[in-house]
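Working notes, beginning with the structure itself.
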Amino acid sequence: GAGVSQTPSNKVTEKGKYVELRCDPISGHTALYWYRQSLGQGPEFLIYFQGTGAADDSGLPNDRFFAVRPEGSVSTLKIQRTERGDSAVYLCASSPAGNTEAFFGQGTRLTVV
Amino acid sequence: GEDVEQSLFLSVREGDSSVINCTYTDSSSTYLYWYKQEPGAGLQLLTYIFSNMDMKQDQRLTVLLNKKDKHLSLRIADTQTGDSAIYFCAESILSWAGSYQLTFGKGTKLSVIP
């Protein structure tokens, strides 16, 4: 595709449920990032992948959050036992190896009710 | 730790210049960025500057960097109604993991009055 694609664009879930958010990066981009943007705030770093491995997961808020990228392309962010405080826009970005320009997707707006 | 600060609101008249300011704290920043976010949309990279530069111009956009004061500004010449959006300043530092992790400010909401 032409850009970073994220699905779904909106997700409403009940407190305590499990959710998966998908990111399809730009073809050939080896670096992939997840960010979380709460209302009225700037995006905050969650996790970074270089290829298939999570090279830096220091931004994940707790062990309910997990992300995978099994084939070095599509990534899935997984949130267990969702809480209302998890409500935010989850943004994915990708970039070529060693490149400082990160291209962002449109985001997934997660609402936990 | 890193901290990026911006004023929250700016209002200008169509055709005037807009100047959005940002301060950052981490002197090891390698690149500094300006992103634009329109309602319901993702982040669009507008421009960026390497930390050893002091100015970059790209059409209507001028970025000024004062590394001594850790101050970054974005000037938009001949501001148009389509420039109304939230503008985020961000710094990147090459992390121990090899990532260019971005730290964002809270964003400046630019309103352009016709």
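Quick mapping for you: the protein sequence lines, in order, are chains X and P. Those letters in the first sequence? Residues 1 to 113, by the working numbering. Those letters in the second sequence? Residues 1001 to 1114, by the working numbering. All residues carry an ideal CB built from backbone N, CA and C; glycine is no exception.
Say whether chain P places a C-beta atom closer than 7 angstroms to the C-beta of residue 107 of chain X.
With 7 angstroms as the cut-off, residue 107 of chain X counts as an interface residue toward chain P.
Could you check where the beta strand (DSSP E) with residue 1005 of chain P kicks off and where it finishes?
Counting along the chain, the beta strand (DSSP E) containing residue 1005 of chain P begins and ends at 1004-1006.
Relative to chain X, which residues along the segment 1082-1100 of chain P have a C-beta separation below 7 angstroms, given in chain order?
Here the close residues are 1088, 1092, 1095, 1097, 1098, 1099, 1100.
Nearest to residue 76 of chain X (by Cα), restricted to the options X/85, X/82, X/66
Selected option, being the one with the closest Cα: X/66.
Between residue 1105 of chain P and chain X, is there a C-beta pair that is closer than 7 angstroms?
At least one CB of chain X lies nearer than 7 angstroms to the CB of residue 1105 of chain P.
Give me the chain B residues within the contact set of residue 104 of chain X, using Cβ-Cβ distance strictly less than 7 angstroms, ordered along the chain.
Here the protein chains are X and P, and chain B is not one of them.
Proximal residues of chain P, C-beta to C-beta of residue 88 of chain X below 7 angstroms
The premise fails here: residue 88 of chain X is roughly 14 angstroms from chain P at the closest Cβ pair, so nothing lies under 7 angstroms.
Indicate whether the contact test is met: 3 or more Cβ pairs, each with one atom in the segment 1016-1026 of chain P and one in the segment 80-89 of chain X, closer than 8 angstroms.
With the cut-off at 8 angstroms, the segment 1016-1026 of chain P and the segment 80-89 of chain X do not touch.
Between the C-alpha atoms of residue 1071 of chain P and residue 1064 of chain P, what's the straight-line distance to the nearest angstrom?
In a straight line, the C-alpha of residue 1071 of chain P is about 8 angstroms away from that of residue 1064 of chain P.
Do residue 11 of chain X and residue 112 of chain X have their C-beta atoms closer together than 7 angstroms?
Result no, Cβ atoms of residue 11 of chain X and residue 112 of chain X do not sit closer than 7 angstroms.
Nearest-angstrom Cβ-Cβ length linking residue 1077 of chain P and residue 1007 of chain P, presumed shorter than 8 angstroms
Their Cβ separation, rounded to whole angstroms, is 19 angstroms, which puts residue 1077 of chain P and residue 1007 of chain P out of contact at 8 angstroms.
Check residue 1058 of chain P in the structure and name its three-state DSSP category.
Reduced to three states, the DSSP call for residue 1058 of chain P is strand.
Separation of residue 25 of chain X from residue 93 of chain X, as counted between CA atoms
Roughly 7 angstroms between the two C-alpha positions.
Per DSSP, the bridge partner or partners of residue 63 of chain X
DSSP, once it has assigned bridges, lists no residue as partnering residue 63 of chain X.
Can you give me the start and stop residues for the beta strand (DSSP E) that residue 53 of chain X sits inside?
Per DSSP, residue 53 of chain X belongs to the beta strand (DSSP E) from 53-56.
Check for me: the beta strand (DSSP E) holding residue 34 of chain X runs from which residue to which?
Where residue 34 of chain X is concerned, the enclosing beta strand (DSSP E) starts and stops at 31-37.
Quick check: is the beta carbon of residue 1031 of chain P nearer than 7 angstroms to any beta carbon in chain X?
Judged by the 7 angstroms Cβ criterion, residue 1031 of chain P is in contact with chain X.
What do you reckon, are the CB atoms on residue 1047 of chain P and residue 1054 of chain P nearer than 7 angstroms?
No Cβ-Cβ contact shorter than 7 angstroms links residue 1047 of chain P with residue 1054 of chain P.
Opposing strand residues paired with residue 80 of chain X [DSSP bridges]:
Residue pairing from DSSP leaves residue 80 of chain X without any beta-bridge partner.
Mapping the DSSP letters down to three states, classify residue 1001 of chain P as helix, strand or coil.
At residue 1001 of chain P the pLDDT is 45, less than 50, meaning the model places this residue with poor confidence and gives no usable figure here.
Is any beta-carbon of chain P found at less than 7 angstroms from that of residue 55 of chain X?
Chain P contact via Cβ: present.
Cβ of residue 42 of chain X less than 7 angstroms from any chain P Cβ?
For residue 42 of chain X, the answer is yes, since a Cβ of chain P falls inside 7 angstroms of its Cβ.
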